[in-house]
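Colleague: Sharing a structure here in structure tokens format.
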Amino acid sequence: MKIQSIRGMNDLLPEQSAIWQYVEGTLARLVASYGYREIRFPILEKTDLFKRAVGEVTDIVEKEMYSFDDRNGDSLSLRPEGTAGCVRACTQNGLLHNQTQRLWYTGPMFRHERPQKGRLRQFHQIGIEAFGLAGPDIDAELLLLTARLWRELKIDSALELQINSLGSAEERVAYREALVAYLSNFHDQLDEDSQRRLTTNPLRILDSKNPETQSLLKDAPVLNDFLGAESKQHFAQICAMLDASEVSYVINPKLVRGLDYYSQTVFEWVTTELGAQGTVCAGGRYDSLVELLGGKPCPAVGLAMGLERLIMLLDGMGVVPDSVAQQIDLYLVAVGDVAGHGMRLAEELRSGLPNIRIETHCGGGSFKSQMKKADKSGAAIAIILGEDELASETVQVKFLRQERDQETVDQANIVEFLNVNFEY
Ligand code: ATP
Ligand code: MG
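In structure tokens, the structure reads:
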């Protein structure tokens, strides 16, 4: 019997990886244009890191982590998200002391959830984090950056920005008490999850999907009423900066996010195009996390986007540029006893045209069968070398995707010819 992959952990095949490279490449260029630099940190960390950072009573730590004891008996976990490892790496390497940092990362994350559309057990995130900046301007910058990314990827029309403020820790404690007092009156009417959360993580009840719970919440105390002047101002300034840059948003007073470490700003970019798993990107401010992980207090704000969901959205909207699917520009056909010369010619083309992608035919065969392969490769041009061409030091250039006559070109001029006649 063949051994299969683990459920919810997918292979990424070459056709799809081209789209991934396009999205990742677009993002890498964009974040660099805002001055963000890449950080890489391990996929495996001590379980305690996530317990402390993400929170003991969150869904992630309670039931979704891949944790195991290694050969020394230390409890380790595959990272379920990136922020904890990023903060750990930054404090351990002294990146946060009296400095600001604008960072990003990408890679696989692991959560033992029920696999379904838009929900995998190994999925991929791009994360962006900014450290050492407490003001609303950096929160707004992250939102402008993501808005620009959606425009570049041509998915902006399908995404809505929802934002909210969770206030400070003290304000949240006061709100939490009021919410628990209110909901305790309806204890028996709450769904099972919400009943449990009433003692562990009551704010999460706000985003319960249960309609009965939601109708109870209609008259519940509202978080916004518990915010002090400073929190309100921070939030109002973000809104003003979004207005000034014409980024539209919806204030969602029930948006709370699943992780423990958020304070003040929280946001999500959501779409209705992906069914139930509609959150493509989410984040917020987490001013207390660095200190919680043993560093000096350091304000921070960040976000993470799910690449699978993003790419599903791009696919569904049909906005992946045609050029992404095309992986080969030139196919070199070598008929007869000329393979060695063909290889040399391909090397010369690669030296003369550094960005060109050339597939050299390997394995011999007739002219006809080689031309079939050239066509199937998706290349725009076939360069044909046979014994006649070898003798006359020329090649045949055949345009595979254009109504255009085949041309004979001197080998000495082929680089120049392609430079003039071919856009890549
Ligand atoms: P959700 O409410 O969809 O479960 P979450 O609050 O658990 O999301 P975060 O931890 O904030 O998600 O992760 C940020 C983003 O990562 C999500 O918006 C989503 O795009 C993606 N993501 C999270 N979990 C998964 C998963 N199991 N499979 C695929 N993508 C995921
Ligand atoms: Mg989740």
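The sequence shown begins at 634 in our numbering and counts up one residue at a time.
Note that the Cβ used here is the ideal one computed from N, Cα and C, for glycine as well.
Here the structure is a predicted model, which is why all the values come from computation and not from measurement.
(1) Excluding the 5 residues preceding and the 5 following Leu849 in the sequence, name in chain order all residues of the same chain whose CB lies nearer than 8 Å to its CB.
(2) Which residues in the same chain have their Cβ closer than 7 Å to the Cβ of Asp1008, if we skip the five residues on either side of it in sequence?
(3) With a CB to CB cut of under 6 Å and the five nearest residues on each side skipped, what residues in its chain are close to Asp702?
(4) Count the other CB atoms, across all protein chains shown, that sit within 10 Å of the CB of Gln758; report buried if there are 16 or more and exposed otherwise.
(5) Can you tell me the Cβ-Cβ gap for Val1048 and Leu978, rounded? I've got them flagged as a contact below 8 Å.
(6) Is Glu1049 helix, strand or coil when you go by DSSP?
(7) Counting C-beta neighbours from all protein chains within 10 Å, is the total for Met938 16 or more, i.e. buried, or is it exposed?
(8) Kindly indicate which residue of Glu1020, Lys750, Gly928, Ile1016 has the alpha-carbon position closest to the one of His994.
(9) Please confirm whether Thr691 and Leu926 have their CB atoms less than 9 Å apart.
(10) Are Ile871 and Pro769 closer than 9 Å when you measure CB to CB?
(11) Since Ala1013 contacts Asp962 with CB under 8 Å, what's their CB separation in whole angstroms?
(12) State the DSSP-derived secondary structure class of Glu697, mapped to helix, strand or coil.
(13) With a 10 Å radius around its C-beta and 16 neighbouring C-beta atoms as the bar for buried, classify Lys635 as buried or exposed.
(14) Classify Ser827 as buried or exposed, calling it buried when 16 or more other Cβ atoms lie within 10 Å of its own Cβ.
(15) Does the Cβ of Ala937 lie closer than 8 Å to at least one heavy atom of ligand 1?
(16) Just to confirm my understanding: we take Gln1003, look at its own chain, exclude 5 residues before and 5 after, and list those with CB closer than 7 Å. What are they?
(17) Going by CA-CA distance only, name the one from Ala1024, Ala933, Ser921, Leu936 that's closest to Val971.
(18) Determine the contact status of Arg735 and Glu678, defining contact as a CB-CB distance below 9 Å.
(19) State the DSSP-derived secondary structure class of Ile1017, mapped to helix, strand or coil.
(20) DSSP three-state call for His994: helix, strand or coil?
(21) When the Cα atoms are used, what is the spatial distance from Gly861 to Leu778?
(22) DSSP state of Ser878, grouped into three classes?
(23) Secondary structure at Tyr964, three-state DSSP: helix, strand or coil?
(24) Exposed or buried, Met1061, counting other C-beta atoms within 10 Å across all chains shown (16 or more means buried)?
(25) Hey, Leu775 and Leu936 are a contact pair by Cβ (cut 8 Å); roughly how many whole angstroms apart?
(26) So, for Gly1019: in the same chain, excluding its five sequence neighbours on each side, which residues have a beta-carbon less than 7 Å away from its beta-carbon?
(27) Taking all protein chains shown into account, decide if Arg744 is buried (16 or more other Cβ within 10 angstroms of its Cβ) or exposed.
(28) With distances taken Cα to Cα, identify the nearest neighbour of Glu648 among Asp1038, Val953, Thr1027, Glu980.
(29) Whether or not the segment 839-858 and the segment 898-908 are in contact is what I'm after, with contact meaning three or more pairs of Cβ atoms, one per stretch, closer than 8 Å; do they touch?
(30) Using CA atoms only, rank isn't needed, just tell me which of Asp681, Glu845, Glu689 is closest to Leu711.
(31) Is it true that the CB of Leu786 sits closer than 9 Å to the CB of Thr659?
(32) Could you check if Ala791 belongs to the surroundings of ligand 1, using beta carbon to heavy atom distance under 8 Å?
(33) What separation, rounded to the nearest whole angstrom, lies between the Cα atoms of Ala1068 and Arg747?
Modeller: Looking at the atomic coordinates:
(1) Leu816, Phe819, Gln822, Leu823
(2) Leu1033
(3) Ser708
(4) buried
(5) Val1048 to Leu978, Cβ: 10 Å. No contact.
(6) helix
(7) buried
(8) Ile1016
(9) no
(10) yes
(11) 6 Å
(12) helix
(13) exposed
(14) buried
(15) yes
(16) Val966, Val968, His994
(17) Ala1024
(18) no
(19) strand
(20) coil
(21) 28 Å
(22) coil
(23) strand
(24) Given a span of 634 to 1057 for the chain in the structure shown, any question on residue 1061 remains unanswerable.
(25) 6 Å
(26) Val968, Gly969, Val971
(27) buried
(28) Val953
(29) no
(30) Asp681
(31) yes
(32) no
(33) For residue 1068 there is no data in the structure shown, the boundaries of the chain being 634 and 1057.
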